[in-house]
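Structure first, commentary second.
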DNA sequence: TTGATTAATGTCACATTGTGACGATATTGT
DNA sequence: ACAATATCGTCACAATGTGACATTAATCAA
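Protein chains in written order, with my numbering: chain W, 1 to 223; chain Y, 1001 to 1223.
Right under this line is the structure:
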């Protein structure tokens, strides 16, 4: 789990979006309609570059789209807002986390289960680091992006809260599930921040450290 | 600390009227220039009413301003964004928290000090409850407001992180201060959520409960 | 009363974000 | 060639937010 999605390769034009109507007959090589002129991923990379060069606010969507040879209207068909372009795939990660939590053995206590799920979903490569850092820097310095982060984090927190609620028999919006969901995210974000500022070290190590911290009531590292 | 400011006194510059607009003592030699046509507080109350009635997005700033007999330009002179109108005074609360932390005896350990500071800054009256709930509901349901919350919370978190850094000799953006700042906010928000959903109970009680939770590594209430 | 000073407002023009409607274009299937 | 379909582009538009400049309403000094 990177919290700030590393996004894989995906340069090809994947087949997606099965229509609502017409049922789901799958046949080989059927790809109807005009092909997309660009991919969300390409727009993301362009955005990353332009935002880093000129700044988020100084980069208009029109410029961004033009760099991908599309119009701004096309951009807004793929992304609801300008900020959304940097949050590609985050929803997928949340879904991954939810699945990971669901597949942890019931024998394992709920907090260790959360720890295990978070660590299992955490996959990234060293090659992703520069991009991650660029995104990270933007998200932590541009107000509009910080704001957009809140919406994504909410979904992540709720995933944890739902799991805790399920395991403890409480409601999602009772004190314990709420607090655990939010503090767990808080810890992971802290780990992520520290890790991404370093030049070495495994994210997983920092995550464990942060989770130890909250599990022990900040007993660790308190020297 | 309410996290979602209850908007206390007027803080008007010398104007001490009881109304929202401030009463009219017209004599007395102070304050030059054209007097404000409205107050931030009045705009906030109007916004609260209109947002609740019509929804945040469906309410234009122009309507909002018109209800206070000013133009939208005046609104945007008092508030940077449309969402800001609901965050009156939050910055003041953060400042209060910072002062409270600074004035806690050095003999008290840093986590108890945080607890004490948070509780000491927490002041609200039963009369504020309806307004707090309306604001709360808006902030937790309208994406634009959720997003704006992130920016406010950041300042709050940093206040805690700075204090922990100061007390431990670490840097603000090292793991422990970061995680403590964020988890403390997470806990207080959880307490606030639960409290504002109830019809009875003291916020302070919930705050203590939530802080116990993180201090003990979720040992409390884990039955 | 008159005029200078001051602070806030109003007006106007404008860039940008984001959306709805509709027609144009490119690809696959018959 | 022709139909079906998915995406694109163009256009019109509402709303947020900002900069520049004029206007208004108050105090202070004469």
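Glycine is no exception: its CB is placed at the ideal position from the N, C-alpha and C atoms.
Asked, Found
"Between the Cα of residue 83 of chain W and those of W/160, W/147, W/219 and W/187, spot the shortest distance and give me the residue it belongs to.", "W/147"
"Do you know how far the Cα of residue 165 of chain W is from the Cα of residue 203 of chain W?", "27 angstroms"
"Would you list, in sequence order, the uninterrupted alpha helix (DSSP H) runs of no fewer than 4 residues that lie entirely inside the segment 1050-1108 of chain Y?", "1061-1066, 1072-1078 and 1090-1102"
"Is residue 47 of chain W near residue 137 of chain W, with beta carbons less than 9 angstroms apart?", "no"
"Nearest by alpha-carbon distance to residue 1139 of chain Y: which of Y/1030, Y/1031, Y/1055 and Y/1035 is it?", "Y/1055"
"Quick one: any contact between the segment 85-101 of chain W and the segment 175-185 of chain W, if contact means 3 or more CB pairs under 8 angstroms?", "no"
"Among the candidates Y/1159, Y/1163, Y/1038 and Y/1207, whose CA atom is the shortest distance from the CA of residue 1073 of chain Y?", "Y/1038"
"What number of angstroms, rounded off, separates the C-alpha of residue 1121 of chain Y from the C-alpha of residue 182 of chain W?", "22 angstroms"
"Nearest CA to the CA of residue 1129 of chain Y: which residue from Y/1198, Y/1080 and Y/1114?", "Y/1198"
"Check each residue of the segment 1137-1158 of chain Y: if its Cβ is closer than 9 angstroms to any Cβ of chain W, include it; give the result in chain order.", "1143, 1144, 1146, 1147, 1148, 1149, 1150, 1151, 1153, 1154 and 1157"
"Quick check: is the beta carbon of residue 1111 of chain Y nearer than 9 angstroms to any beta carbon in chain W?", "yes"
"Locate the alpha helix (DSSP H) running through residue 1128 of chain Y, then write down its first and last residues.", "Run containing residue 1128 of chain Y: none; DSSP gives neither H nor E here."
"Can you name the residues of chain Y whose CB is closer than 7 angstroms to the CB of residue 133 of chain W?", "Those within 7 angstroms of residue 133 of chain W in chain Y number zero; the least Cβ separation is about 15 angstroms."
"Please decide whether residue 23 of chain W counts as near chain Y, where near means a Cβ-Cβ distance under 9 angstroms.", "Residue confidence for residue 23 of chain W is low, a pLDDT of 37 falling below 50, so the modelled location carries little weight; the figure read from the coordinates is stated next. False, the Cβ-Cβ gap to chain Y never drops below 9 angstroms."
"Quick check on the DSSP output: what are the complete alpha helix (DSSP H) runs of length 4 or more inside the segment 1179-1215 of chain Y, in order along the chain?", "1203-1215"
"Can you list, in chain order, the residues of its chain whose CB lies under 6 angstroms from that of residue 1155 of chain Y, leaving out five sequence neighbours each side?", "1094"
"In whole angstroms, what is the alpha-carbon distance linking residue 102 of chain W and residue 1045 of chain Y?", "45 angstroms"
"Are there any heavy atoms of the ligand FAD lying less than 8 angstroms away from the beta-carbon of residue 1069 of chain Y, as far as the coordinates show?", "You won't find the ligand FAD in this model; it holds no ligand whatsoever."
"Out of Y/1119, Y/1085, Y/1184 and Y/1108, which has the shortest C-alpha to C-alpha gap to residue 1205 of chain Y?", "Y/1119"
"Apply the 10 Å Cβ neighbour rule to residue 1190 of chain Y and answer buried if 16 or more other Cβ atoms are within range, or exposed otherwise.", "buried"
"Output the boundary residues of the alpha helix (DSSP H) element that contains residue 147 of chain W.", "143-168"
"Could you give the first and the last residue of the continuous alpha helix (DSSP H) run that contains residue 113 of chain W?", "110-121"
"Specify the secondary structure class of residue 1041 of chain Y as computed by DSSP and reduced to three states.", "helix"
"Could you please tell me which residues of the segment 206-220 of chain W, in chain order, have their CB closer than 9 angstroms to any CB of chain Y?", "206, 209, 210, 213, 214, 215, 216, 217, 218, 219 and 220"
"One question on the structure: do residue 1133 of chain Y and residue 1086 of chain Y come within less than 9 angstroms of each other, judged by their Cβ atoms?", "no"
"Specify the secondary structure class of residue 172 of chain W as computed by DSSP and reduced to three states.", "coil"
"Closer than 8 angstroms between beta carbons: that is the criterion. Which residues of the segment 36-66 of chain W meet it against chain Y?", "none"
"Does the CB of residue 1191 of chain Y have a neighbour CB from chain W at under 9 angstroms?", "yes"
"List, in chain order, every chain W residue whose beta-carbon is nearer than 8 angstroms to that of residue 1174 of chain Y.", "194"
"Rounding to the nearest angstrom, what Cα-Cα distance links residue 159 of chain W and residue 98 of chain W in this structure?", "6 angstroms"
"Would you please verify whether the beta carbon of residue 1178 of chain Y is less than 9 angstroms from any beta carbon of chain W?", "yes"
"According to DSSP, is residue 1047 of chain Y part of a helix, a strand, or is it coil?", "helix"
"Take residue 1077 of chain Y as the anchor and find which of Y/1168, Y/1040 and Y/1063 has the nearest alpha-carbon.", "Y/1040"
"Would you decide whether residue 1193 of chain Y is buried or exposed? Buried here means 16 or more other CB atoms lie within 10 Å of its CB.", "buried"
"So residue 1149 of chain Y packs on residue 113 of chain W, CB below 8 angstroms; how close in whole Å?", "Not confirmed; about 29 angstroms, so no contact."
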